[in-house]
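Undergrad: Below are the structure tokens for one structure; questions will follow.
The structure is reproduced here in structure tokens:
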């Protein structure tokens, strides 16, 4: 007996009795949901690296800024090295100029300015002063760095204060013989087109200070000798013994040493007003304070005090001898300028500036080196009043005479009017009397006629 082979069944497994039920593989929990899973250390590291990666645009901008700063630093370093090498290999004048105008925050040193003045005195007179110093100073002022510009103007200011009056600094480079040369000390070129935001606050001060220095250079000398005449000996009355030959010699010498323009002339008055106005404009504003600008303002204040003292000396010398004053009106203008503008404005400027200079160890004198006594000042302010009073008296006399003439004319007119009224009244009375007489005669005639008519009526009745 052979068993039959077992057939493979292809039928699906039998169905479960619970096909309609869902089997949950998660056990039901009660309460709050579970916290999220904690990331691994590797995941945290990747997140930190991703957060710290900078923005590509920011990286590009930073690289460009750093490259530009490196170029500027390299340029400044190379220029400083070039200045040092040039200073070692150039002349003494160029060495002093390079040291005095070095582009840093240190102000101009006094020893460099003194050496600059000394070198100027050593130059022969056949050489032009522009070729010696002013041209080099102008080249430094035309540079881009604002610190070099400011130091160059300060060096020019101190040099002008130490030397005598110079020529006009604004002449052309071609020597005034025509041509299209660049003008020295041109304000537009001096201010320049520097767009550095750190130096924008100093550009306005540089403009005002340069205007003051150039005005100062074109008006007066170093210590205002044109007004004070410190080099001229004071005039003294001659003695009795030396009135013959010595008096003539002294008068000739005094005439020879007398300047072209007198100290207190009208031109010097205009110049003094210009210098005062330009100097008062150099007050430090917000954002303009530094050691270099403080040094510049200190020089301006010293100049204004020197101008005030020079004017006081000249007025004192002239007012002590009022008989020698030629133009009293001009002398009165000088006294008014000194008492109303120069002296009070200079005191205010010095007081306002001293508080800012104390921070940098710069101090101004508390008093003027010379002053004008109040008596002499009042005498000067009263000059010209006598002539005015005389003119006023003459005008009063003329007005009184005119009034008297008018009164006389009025009285004459009144007399004529009264006489006319009298004559008119007389004519009227005569006319009235004549009319009365005529009226009486007519009345008599009427009575006669009435009597006649009465008689005629009586005859008719009979």
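Residue numbers (the UniProt record's numbering): 1 to 462. All C-beta atoms, glycine included, are put in the ideal place defined by N, C-alpha and C. Computed from a predicted structure; not experimentally measured.
Would you say residue 190 and residue 210 are within 8 Å of each other, going by their C-beta atoms?
TA: A contact, by the Cβ cut-off of 8 Å.
Undergrad: Kindly indicate which three-state DSSP category residue 55 falls into: helix, strand or coil?
TA: Coil, per DSSP.
Undergrad: Beta-carbon within less than 6 Å of residue 101's beta-carbon, same chain only, minus the 5 sequence neighbours each way: which residues are those?
TA: Excluding positions up to five away in sequence, the list reads 140, 148, 151 and 152.
Undergrad: Taking the C-alpha atoms as reference points, what is the distance between residue 329 and residue 214?
TA: Spanning the two alpha carbons is a distance of roughly 30 Å.
Undergrad: So is residue 48 buried or exposed if we call it buried at 16+ other beta carbons inside 10 Å?
TA: Residue 48 is exposed by the Cβ-count criterion.
Undergrad: By how many angstroms is the C-alpha of residue 59 removed from the C-alpha of residue 299?
TA: About 49 Å.
Undergrad: Closest to residue 295 by CA distance: which of 326, 361 and 275 is it?
TA: Residue 295 has its Cα closest to that of 361, out of 326, 361 and 275.
Undergrad: Consult DSSP for residue 371 and reduce its assignment to one of helix, strand or coil.
TA: Reduced to three states, the DSSP call for residue 371 is coil.
Undergrad: For residue 301 and residue 114, I'd like the C-alpha separation in whole angstroms.
TA: If you take the alpha carbons of residue 301 and residue 114, they lie about 20 Å apart.
Undergrad: Roughly how many angstroms separate the alpha carbons of residue 551 and residue 136, rounded to a whole number?
TA: The structure shown does not extend to residue 551, since the chain spans only 1 to 462, so no value can be given for it.
Undergrad: Is residue 292 closer than 8 Å to residue 105 when the C-beta atoms are compared?
TA: Yes, these two residues count as a Cβ contact at 8 Å.
Undergrad: Based on Cα-Cα distance, which residue from 276, 316 and 406 lies nearest to residue 220?
TA: The candidate whose alpha carbon is nearest that of residue 220 is 276.
Undergrad: Thinking just about the alpha-carbon of each residue, which of 283, 309 and 331 is nearest to the one in residue 262?
TA: Here the closest residue by C-alpha is 331.
Undergrad: How is residue 276 classed by DSSP in three states: helix, strand or coil?
TA: Correct three-state label for residue 276: helix.
Undergrad: Can you tell me which of the three DSSP states residue 202 falls into?
TA: The answer is helix: DSSP assigns residue 202 an H, G or I state.
Undergrad: Excluding the 5 residues flanking residue 280 on each side, which residues of the same chain have their C-beta closer than 7 Å to its C-beta?
TA: These residues qualify, in order along the chain: 345 and 349.
Undergrad: Which residues mark the beginning and the end of the alpha helix (DSSP H) in which residue 95 is found?
TA: Looking at the DSSP string, the run of the alpha helix (DSSP H) that includes residue 95 is 92-100.
Undergrad: Please state whether DSSP places residue 282 in a helix, a strand or coil.
TA: Correct three-state label for residue 282: coil.
Undergrad: Within this structure, are the beta carbons of residue 290 and residue 212 separated by less than 8 Å?
TA: Not closer than 8 Å, so no.
Undergrad: Nearest by alpha-carbon distance to residue 217: which of 158, 202 and 327 is it?
TA: The option with the nearest alpha carbon to residue 217 is 158.
Undergrad: Run through DSSP, which three-state label would residue 382 get?
TA: The answer is coil: DSSP assigns residue 382 none of H, G, I, E or B.
Undergrad: Alpha carbons only, please: which of 316, 71 and 363 is nearest the one belonging to residue 229?
TA: Considering only alpha carbons, the answer is 316.
Undergrad: Thinking C-alpha only, which one of 372, 355 and 306 is nearest residue 272?
TA: Nearest option by C-alpha distance: 306.
Undergrad: Relative to the ligand NAP, is the shortest distance from any of its heavy atoms to the C-beta of residue 381 smaller than 7 Å?
TA: Absent from the structure shown: the ligand NAP. Ligands present: none.
Undergrad: Pull up the distance between the alpha-carbon of residue 264 and that of residue 103, whole angstroms please.
TA: Using only the alpha carbons, I get a separation of about 42 Å.
Undergrad: Roughly how many angstroms lie between the CA atoms of residue 254 and residue 156, to the nearest whole one?
TA: Any reading at residue 254 must be qualified, since the residue scores a pLDDT of 46, below 50, and its modelled position is unreliable; the value itself is stated next. If I take the Cα positions, the gap works out to 34 Å.
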